[in-house]
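J.: Going by the numbering used here, the sequence shown wraps up at 309, each residue one higher than the last. Here it is, the structure, as structure tokens.
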Amino acid sequence: MPKVFAVGPPRTATTWMHRVLAGRVNLPRIKETRFFDRRYLKGFDWYRRHFIPLVEGLPIAEIAPTYFYSGPARQRIFKTIPEAKVIITLRDPVERLYSLYKLKVSDGTIRMPFERAVRRHPELIESNRYYVHVSGWISQFGNERVLVMLHDELVKNPQAYLARVCEFIGVSCFAIPESLQQRRSNSSNDSRSPTSAWLSALAVRAAESFQANNYKRTLAAIRKIGLRRLVLKDKPIALPPLDADLAEALRVEMNQELESLEVLLGSDLSMWKAKRLTLHGGTHADRSVGSTLELAP
């Protein structure tokens, strides 16, 4: 069973981490098994099969960004592996939220403007409740078993970020391969739009099912024939940058949570807080994100 879990949240370079650590730790054959949050009833034998074959002497780890905001996943991991170590990487919450939205637009699981999506897809905001979930992991596993880092650190110095990860999980540090030196940016506003929303959603579910059941050859064959090209339009669509007023309203809504997080971590997170005090002539204190989103068409 894994002794290390990198739990995200989503859009915090977890795919990059999976690629960097491959061969240095034992990882499942797919990046996200979704065992502890979605497929727990499949049983531990099903879960263990994802880690076969194991390289003796290397720690076992799973990189699973959806576990971050899943209380049941956290509790199940603690019940099963109370000695597990947990890695959390926090990114500017508004930037991360919009990046996650763009990903879901791309795969067809969200088909509405950002303002409406935040209101109608509660998992978007739930994954942004940093204090609630970080404090939950720390309370469950203890400070010494939870490493909390900032995505800004990774962007500024990937090698130093990796060194902290390696020290925490107990493996020798190594140079990041040249092919992974420049992490793919999530900041672009370009996103591939699905030709058909239902076809895209079906493809996503099929890929998840193939991965979950270890049908790697089948999935590889589907990718080889170009299913992605069939599902997605040839040209990317340009999503508009996040509206500055809405972004600021979101930051105001998150300020209290960030202040609690600052106390918990002993870190200065002022760079993520609201910068302006007014919105269309009114004060942010008078308007919550919820009321702002209520006005969205």
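A virtual CB, placed ideally from N, CA and C, is assigned to each residue, including glycine.
1. Which term fits PHE153, buried or exposed, when burial requires 16 or more other beta carbons within 10 angstroms of its beta carbon?
2. For GLY19 versus PHE80, is the C-beta spacing smaller than 9 angstroms?
3. By the DSSP assignment, the beta strand (DSSP E) with LYS116 in it spans what residues?
4. Once the 5 residues before and after ARG36 are set aside, which same chain residues still bring their CB inside 6 angstroms of it?
5. Just checking, does the region 24-41 make contact with the region 57-69 on the three C-beta pairs under 8 angstroms criterion?
6. Given this structure, state the Cα-to-Cα distance separating TRP28 from LEU192, to the nearest angstrom.
7. Any chance the region 110-130 sits against the region 251-264, with 3 or more Cβ pairs inside 8 angstroms?
8. Could you tell me if ARG132 is buried or exposed, where buried requires 16 or more neighbouring beta carbons within 10 angstroms of its beta carbon?
9. Give the C-beta separation of ARG141 and GLU265 to the nearest angstrom, bearing in mind that I take them to be a contact with Cβ-Cβ under 8 angstroms.
10. Give me the residue from GLY69, GLU138 and ASP49 with the minimum Cα distance to PHE90.
11. What runs of the alpha helix (DSSP H), each 4 residues or longer, lie entirely inside the region 30-58?
12. How big is the Cα-Cα spacing for MET13 and VAL177?
13. Going straight from the alpha carbon of ALA286 to that of ASN267, what length do you get?
T.: Judging by the given coordinates:
1. buried
2. Residue 19 is actually Val in this sequence, not Gly. Yes. Within cutoff.
3. Here LYS116 belongs to no beta strand (DSSP E); instead the alpha helix (DSSP H) covers 105-118.
4. VAL183
5. yes
6. 8 angstroms
7. yes
8. exposed
9. Wrong, their Cβ atoms sit about 11 angstroms apart, outside the cutoff.
10. ASP49
11. none
12. 19 angstroms
13. 7 angstroms
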